[in-house]
Amino acid sequence: MIPAPFDFIQVDSVDEAIAAISEHGDEAKLIAGGHSLLPLMKFRLATPTYVVDINRLDELKYVHDAGDYLAIGALTRHCEIEKNEIVKTNAGVLALATHSVGDPQVRHRGTIGGAIAHGDPASDIPSALLALKATLIAKGSEGEREISIDDFFTGFLETDLAEDEMLKEIRIPKLPNAKWSFQKFNRRAQDWAIVGASIICDDSHVGVGLVNMHSMPFRSEAVEAALSNGANAEEAAELAAENTEAPTDLNASKGYREHLARVLVRRGLQEAGR
Amino acid sequence: MEVNIKINSVTHSHEVEPRMLLVQYIRELAGLTGTNIGCDTSSCGACTVHLNGESVKSCTVLAAQVDGMNVETIEGLAEGDGTLHPMQQAFHECHALQCGYCTPGMVMASVSLIDENPSLTEKEVREGLEGNLCRCTGYHNIVKAVLQASEVAK
Ligand SMILES: Cc1cc2nc3c(=O)[nH]c(=O)nc-3n(C[C@H](O)[C@H](O)[C@H](O)COP(=O)(O)OP(=O)(O)OC[C@H]3O[C@@H](n4cnc5c(N)ncnc54)[C@H](O)[C@@H]3O)c2cc1C
Ligand code: FES
Ligand code: FES
Chain A
0 MIPAPFDFIQ VDSVDEAIAA ISEHGDEAKL IAGGHSLLPL MKFRLATPTY
50 VVDINRLDEL KYVHDAGDYL AIGALTRHCE IEKNEIVKTN AGVLALATHS
100 VGDPQVRHRG TIGGAIAHGD PASDIPSALL ALKATLIAKG SEGEREISID
150 DFFTGFLETD LAEDEMLKEI RIPKLPNAKW SFQKFNRRAQ DWAIVGASII
200 CDDSHVGVGL VNMHSMPFRS EAVEAALSNG ANAEEAAELA AENTEAPTDL
250 NASKGYREHL ARVLVRRGLQ EAGR
Chain B
0 MEVNIKINSV THSHEVEPRM LLVQYIRELA GLTGTNIGCD TSSCGACTVH
50 LNGESVKSCT VLAAQVDGMN VETIEGLAEG DGTLHPMQQA FHECHALQCG
100 YCTPGMVMAS VSLIDENPSL TEKEVREGLE GNLCRCTGYH NIVKAVLQAS
150 EVAK
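Heads up: the sequence lines are chains A and B, in that order.
Under numbering that gives the first Met the number 0, the first residue of the first sequence is numbered 0, with each subsequent residue one higher.
Under numbering that gives the first Met the number 0, the first residue of the second sequence is numbered 0, with each subsequent residue one higher.
And the structure:
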């Protein structure tokens with residue numbers, strides 16, 4: 000299967016990338032690892048006129064300890080993040096969620112920025128970033144801005160990024176004393192989650208992000224609020240399907256997904272010491 | 000557009016359409032047909048090659064994206080005199096293939112696994128090969144071969 004024809008634009012800096020997407024608007028698509036975009040293009044579900052390759056932007060490949068938070072460049076590949084000691088220590092649930100993505104070949108190519116910007120409710124990584132309450136740094140022709148992960152996802156495969164904006168950095172508050180769990184239910188090893196849950200708990204912070212329970216990555220405010228009000232794991236997990244809009248597809252019905260969410264959140268909370 | 004890719008230490012230069020996939024470049028332009036296409040949807044791993052030393056699925060990479068980079072395919076593993084790479088030798092000795100369709104991708108994925116972690120456990124081998132499907136062997140002998148090759152690598 001071969002994508003529809005397009006023009007290929009190779010860029011060597013963030014500013015060149017922004018210039019290209021500003022010039023071509025919705026006719027252009029950035030390509031990072033290409034492991035979400037190319038399958039869509041091969042099925043002709045996406046037919047951009049211009050494909051702007053950002054893989055050579057080494058300036059966006061890093062994990063830094065920035066004091067209160069971790070700073071991760073948008074083009075950092077999954078294989079770097081899953082093994083990174085700073086991530087494992089301070090944001091362990093992100094390392095686990097990233098490790099669960101696809102297989103080693105997919106993780107050698109896919110990037111954290113691509114996984115977020117794709118806005119896929121089935122993706123594991125956004126659930127971890129929701130639980131961790133990450134902040135995203137976007138840059139466009141008007142300059143940089145911060146976006147809370149809670150404001151970023153706006154619909155199925157839709158995000159708050161403007162046509163001329165790209166993700167530069169992901170900032171994650173450091174939680175070295177937190178306990179965490181990543182739960183993923185699927186049928187075969189390499190598959191996407193039917194339902195997944197990222198859980199973070201410490202004295203001052205509880206975070207619960209769900210995979211595949213809505214048209215976009217979803218924070219379970221109901222479970223978080225119950226935990227903050229002193230509910231135990233079993234009581235809080237009963238609320239895991241509240242306000243969700245789980246899809247029905249070949250793998251699972253809406254009702255089954257709701258059941259899975261309650262089970263996975265309970266297991267996750269127990270593993271995280273609640 | 001003109002694309003130059005070093006495949007198994009030989010630079011290939013070809014005029015391509017930007018939409019050409021790396022696996023097509025390798026098979027149709029470089030003429031190296033050891034790399035197979037199975038699913039064409041990044042699920043089966045038959046098309047696995049090394050890009051700058053790491054395993055990737057070449058059906059989900061554009062040739063244009065790897066202009067100037069190094070690719071290694073199954074043809075590049077054996078020595079010039081035909082001596083097999085330790086992973087190929089282990090597949091041979093452990094009877095880790097039947098029809099052989101998955102084998103080039105399986106071997107390339109396994110070599111990359113061992114490069115990253117020379118002391119693999121059986122569980123790590125099974126997890127590490129989750130992106131490679133084999134419809135013949137039941138995986139048992141493949142896992143044995145990778146563990147045997149990792150002993151040699153140590
Ligand atoms: C076989 C297979 C199995 C997979 N399994 C899983 C899984 O189990 N769990 C999971 O979570 N994911 C899975 N994935 C998806 C994988 O994580 C992708 O790598 C990821 O979703 C997208 O990252 P990418 O870098 O490849 O993005 P691309 O495909 O390059 O881009 C995706 C989208 O994001 C945009 N984009 C990319 N970078 C930026 C940026 N810096 N700023 C703004 N926009 C940007 C692109 O324009 C495009 O619209 C799988 C993929 C494959 C092929
Ligand atoms: S042909 Fe590339 S993964 Fe199957
Ligand atoms: S040996 Fe036939 S598919 Fe693996």
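Backbone N, C-alpha and C fix where the C-beta goes; we use that ideal spot for every residue, glycine too.
All figures in this text were calculated on a predicted structure; none of them were measured in a lab.
Worksheet entry | Chain-ordered residues of the region 43-65 of chain A with a beta carbon less than 8 Å from chain B | V50, D52 and N54
Fill in: DSSP bridge partner residues for R199(A) (one or two, in chain order)
As a position in the first sequence, residue 199(A) is number 200, starting the count at 1. Note on residue identity: the sequence assigns Ile, not Arg, to residue 199(A). I199(A) is bridged by DSSP to W179(A) and G206(A).
Worksheet item: Mind pulling the chain B residues with CB within less than 9 Å of V105(A)?
Response: Against the first sequence, residue 105(A) aligns to sequence position 106. What V105(A) touches in chain B: S41, V55, K56, T59 and G130.
Worksheet item: Which of the three DSSP states, helix, strand or coil, is assigned to F184(A)?
Response: Locating residue 184(A) in the first sequence gives position 185, where the first residue counts as 1. Correct three-state label for F184(A): strand.
Worksheet item: At least one CB of chain B closer than 8 Å to the CB of R273(A): is that the case?
Response: The count along the first sequence starts at 1 and reaches residue 273(A) at position 274. Cβ-Cβ to chain B under 8 Å: no for R273(A).
Discussion item. Could you check if L96(B) belongs to the surroundings of ligand 3, using beta carbon to heavy atom distance under 7 Å?
Written reply: Your numbering for residue 96(B) matches position 97 in the second sequence. For ligand 3, at least one heavy atom lies less than 7 Å from the Cβ of L96(B).
Discussion item. With a threshold of 7 Å (Cβ to nearest heavy atom), would C58(B) be considered close to ligand 2?
Written reply: On the second sequence, residue 58(B) is found 59 positions in, with the first residue counted as 1. Yes, the beta carbon of C58(B) sits closer than 7 Å to at least one heavy atom of ligand 2.
Item to complete: Quick one: residues in its chain with C-beta nearer than 6 Å to the C-beta of L28(B), no 5 flanking neighbours on either side, listed in chain order?
Response: Taking the first residue of the second sequence as 1, we reach residue 28(B) at position 29. Only H13 meet the Cβ criterion.
Worksheet item: When burial is assigned at 16 or more other CB atoms within 10 Å of the CB, is K153(B) buried or exposed?
Response: Walking along the second sequence from the start, residue 153(B) turns up at place 154. The Cβ neighbour count for K153(B), taken over all protein chains shown within 10 Å, is under 16; the residue is labelled exposed.
Worksheet item: If you drop the 5 nearest sequence neighbours on each side, which residues of the same chain put their C-beta closer than 8 Å to that of L156(A)?
Response: Position 157 of the first sequence, counting from 1, holds the residue named residue 156(A). Excluding residues within five positions, the ones whose Cβ falls inside 8 Å are H117, G118 and D119.
Worksheet entry | ligand 1 site residues, beta-carbon cut 5 Å against heavy atoms | K28(A), L29(A), I30(A), A31(A), G32(A), G33(A), H34(A), S35(A), L36(A), A73(A), V100(A), G101(A), V105(A), G109(A), T110(A), G112(A), G113(A), A114(A), A116(A), H117(A), S122(A), D123(A), M165(A), L166(A), W191(A) and S41(B)
Fill in: Expected contact under 8 Å - CB spacing of L128(B) and L146(B) to nearest Å
Residue numbering aside, residue 128(B) sits at position 129 when the second sequence is read from its first letter. Residue numbering aside, residue 146(B) sits at position 147 when the second sequence is read from its first letter. At roughly 12 Å, the Cβ-Cβ gap does not stay under 8 Å, so L128(B) and L146(B) are not in contact.
Worksheet item: Quick one: does G127(B) have its CB under 8 Å from some CB of chain A?
Response: In the second sequence, the residue the question calls residue 127(B) occupies position 128. Closer than 8 Å: yes.
Worksheet item: When we look at the beta-carbon of A77(B) and count the other beta-carbons within 10 Å, is it buried (16 or more) or exposed?
Response: For the purposes of this step, residue 77(B) is taken as residue 78 along the second sequence, with counting starting at 1. A77(B) is exposed by the Cβ-count criterion.
Worksheet item: Taking the C-alpha atoms as reference points, what is the distance between L20(B) and T32(B)?
Response: Sequence index remark: in the second sequence, residue 20(B) carries index 21 (1-based). Sequence index remark: in the second sequence, residue 32(B) carries index 33 (1-based). Distance from the CA atom of L20(B) to the CA atom of T32(B), rounded to whole angstroms, is 14 Å.
Discussion item. Could you check if T34(B) belongs to the surroundings of ligand 3, using beta carbon to heavy atom distance under 7 Å?
Written reply: In the second sequence, counting from the first residue as 1, residue 34(B) sits at position 35. No, the beta carbon of T34(B) sits no closer than 7 Å to any heavy atom of ligand 3.
Item to complete: With 9 Å as the C-beta to C-beta threshold (strictly closer), list the residues of the region 5-16 of chain B near chain A in chain order.
Response: E16
Worksheet item: If you draw a straight line from the C-alpha of N185(A) to the C-alpha of K87(A), how long is it?
Response: The residue given as residue 185(A) occupies position 186 in the first sequence. The residue given as residue 87(A) occupies position 88 in the first sequence. Taking the straight line from one Cα to the other gives about 24 Å.
Discussion item. Rounded to the nearest angstrom, what separates E84(A) and D80(B) at their Cα positions?
Written reply: On the first sequence, position 85 is the one that residue 84(A) refers to. On the second sequence, position 81 is the one that residue 80(B) refers to. About 42 Å.
Discussion item. Just list the residues that DSSP pairs M165(A) with in beta bridges.
Written reply: Working through the first sequence from its first residue, we reach residue 165(A) at position 166. Beta-bridge partners of M165(A) (DSSP): K138(A).
Discussion item. Can you confirm whether the region 58-71 of chain A touches the region 39-48 of chain A when touching is taken to mean that 3 or more C-beta pairs between the two stretches lie within less than 8 Å?
Written reply: no
Discussion item. Which of the three DSSP states is assigned to Q9(A) in this structure?
Written reply: The residue you call residue 9(A) lines up with position 10 of the first sequence. Looking at Q9(A) - three-state DSSP - the assignment turns out to be strand.
Fill in: Identified DSSP bridge partners for P172(A)
On the first sequence, residue 172(A) is found 173 positions in, with the first residue counted as 1. Y68(A), per the DSSP bridge assignment.
Worksheet item: Buried or exposed: F293(A), going by 16 or more other Cβ atoms within 10 Å of its Cβ?
Response: This structure leaves residue 293(A) out entirely; chain A is present only between 0 and 273.
Worksheet item: ligand 2 heavy atoms versus the CB of C38(B): any closer than 7 Å?
Response: Numbered from 1 along the second sequence, position 39 holds the residue referred to as residue 38(B). Checking every heavy atom of ligand 2 against the Cβ of C38(B), one is found closer than 7 Å.
Item to complete: Please determine if the region 68-77 of chain B and the region 97-115 of chain B are in contact, where contact requires at least 3 C-beta pairs separated by less than 8 Å.
Response: yes
Discussion item. Any heavy atom of ligand 3 closer than 7 Å to the beta-carbon of T47(B)?
Written reply: For the purposes of this step, residue 47(B) is identified with residue 48 of the second sequence, where counting begins at 1. No - ligand 3 has no heavy atom lying nearer than 7 Å to the Cβ of T47(B).
Worksheet item: Helix or strand or just coil, what does DSSP make of I1(A)?
Response: Reading the first sequence from its first residue, position 2 is the one you call residue 1(A). Looking at I1(A) - three-state DSSP - the assignment turns out to be coil, as it is neither helix nor strand.
Fill in: I124(A) vs V92(A) beta-carbon contact at 8 Å
Position 125 of the first sequence, counted from the start, is the residue given in the question as residue 124(A). Position 93 of the first sequence, counted from the start, is the residue given in the question as residue 92(A). No. Outside cutoff.
Fill in: Interface residues of the region 2-19 of chain A facing chain C [CB-CB below 8 Å]
Of the protein chains in this structure, namely A and B, none is chain C.
Practice prompt. Check the Cβ of M0(B) against every Cβ in chain A and list those closer than 8 Å, keeping chain order.
Written response: Taking the first residue of the second sequence as position 1, residue 0(B) is located at position 1. Those within 8 Å of M0(B) in chain A are F7.
Discussion item. In the DSSP assignment, the beta strand (DSSP E) including Y138(B) goes from what residue to what residue?
Written reply: By 1-based counting over the second sequence, the position of residue 138(B) is 139. No beta strand (DSSP E) contains Y138(B), which DSSP labels as neither H nor E.
Practice prompt. Please report the Cβ distance between S57(B) and H34(A), rounded to the nearest whole angstrom; I am assuming they are in contact, meaning their Cβ atoms lie under 8 Å.
Written response: Numbered from its first residue, the second sequence carries residue 57(B) at position 58. Numbered from its first residue, the first sequence carries residue 34(A) at position 35. Rounded, the Cβ-Cβ distance is 12 Å, inconsistent with contact.
Worksheet item: Is the beta carbon of K167(A) less than 8 Å from the beta carbon of K132(A)?
Response: Along the first sequence, one-based indexing puts residue 167(A) at 168. Along the first sequence, one-based indexing puts residue 132(A) at 133. Contact: no.
Item to complete: Provide the residue span of the beta strand (DSSP E) that contains D52(A), from first to last.
Response: Taking the first residue of the first sequence as position 1, residue 52(A) is located at position 53. Its beta strand (DSSP E) spans residues Y49 to D52.
Worksheet entry | Candidates A235(A), E81(A) and L36(A), of which the one nearest Y61(A) by Cα | Against the first sequence, residue 61(A) aligns to sequence position 62. Here the closest residue by C-alpha is E81(A).
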